[in-house]
Ligand SMILES: [Zn+2]
Ligand SMILES: [Zn+2]
């Protein structure tokens, strides 16, 4: 009973001694972002409609933009053009640092109140991570969206429903424009569980063109989900 926590403590101790956590901005030891740098982290100035990307109150999809398969809205917390945030996300992703995503998820949850989002989700919502392709998941060792979901869930008491799975391997989106991305991710996901009449919040780290998260939302809607919101830690 005591062996595992003790072992984990020792592992963490060794890891932290060999690779101390430092602030991505000023290299102060102790946290991925020290308190002074954290206080300068840029929040998004206004929420946007996920479809036309023009400003919208509380991130709601404009009624004139809304379609049957589109999500009800999008909430993004931080501005990806803030170098500190971009560094955190890139570090987490390419250096396989899972705890950066735990940190980011907690940070996003702590700042969500300012967006008015908590007043919108009064019903029974579940957090849904965007799944990674199995090969990429294996390579990285974790799905960053799933880590974010767990951290947000812990902080805000919203359950996680790991209900989406990849059914198609997609090319990496980096080199593609928005139209190509939409084609690339079309039918990328399927559901694994009951979706009908349930409410979901699809979670990802960054939204750029929105192709992936829109496709995830579309999959849930086509399978009968009642309400679907999108939540991203950062917006490009
Ligand atoms: Zn700092
Ligand atoms: Zn719109």
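In this note's numbering, the protein residues as written are 623 to 858. Positions of the beta carbon are idealized from the N, C-alpha and C atoms, including for glycine.
In terms of Cα proximity to residue 748, the closest of 791, 808 and 816 is 816. Chain-ordered, the residues whose CB falls short of 7 Å from any heavy atom of ligand 1 come out as 645, 647, 648, 650, 655, 656, 658 and 659. By the beta-carbon neighbour count (other beta carbons within 10 angstroms, threshold 16), residue 648 is exposed. Distance from the CA of residue 772 to the CA of residue 711, rounded to the nearest whole angstrom, comes to 17 Å. By the rule of a C-beta closer than 7 Å to any heavy atom of ligand 2, the residues picked out are 671, 673, 674, 676, 678, 683, 684, 686 and 687.
Under the three-state reduction of DSSP, residue 695 is assigned to strand. Shown here, residue 843 sits in a helix according to DSSP, grouped into three states. Non-local beta-carbon contacts of residue 789 in its own chain, meaning distances under 8 Å to residues more than five positions away in sequence, involve 809, 810, 811 and 812 in chain order. Take the alpha-carbon of residue 739 and the one of residue 837: they are about 22 Å apart. The C-beta of residue 744 has fewer than 16 other C-beta atoms within 10 Å across all chains shown, which makes the residue exposed. The alpha helix (DSSP H) runs lying completely inside the region 716 to 762 and spanning 4 residues or more are 720 to 733, 739 to 742 and 756 to 762, given in chain order.
Two segments are said to touch when three or more pairs of C-beta atoms, one from each, lie closer than 8 Å; by this definition the region 822 to 833 does not touch the region 676 to 686. Cβ atoms of residue 737 and residue 695 stay farther apart than 8 Å, at about 10 Å.
Here DSSP, grouped into helix, strand and coil, assigns residue 797 to coil. If you draw a straight line from the Cα of residue 825 to the Cα of residue 784, it comes to about 11 Å. Contact between residue 767 and residue 751 holds, with the beta-carbon distance rounding to 4 Å and staying under 8 Å.
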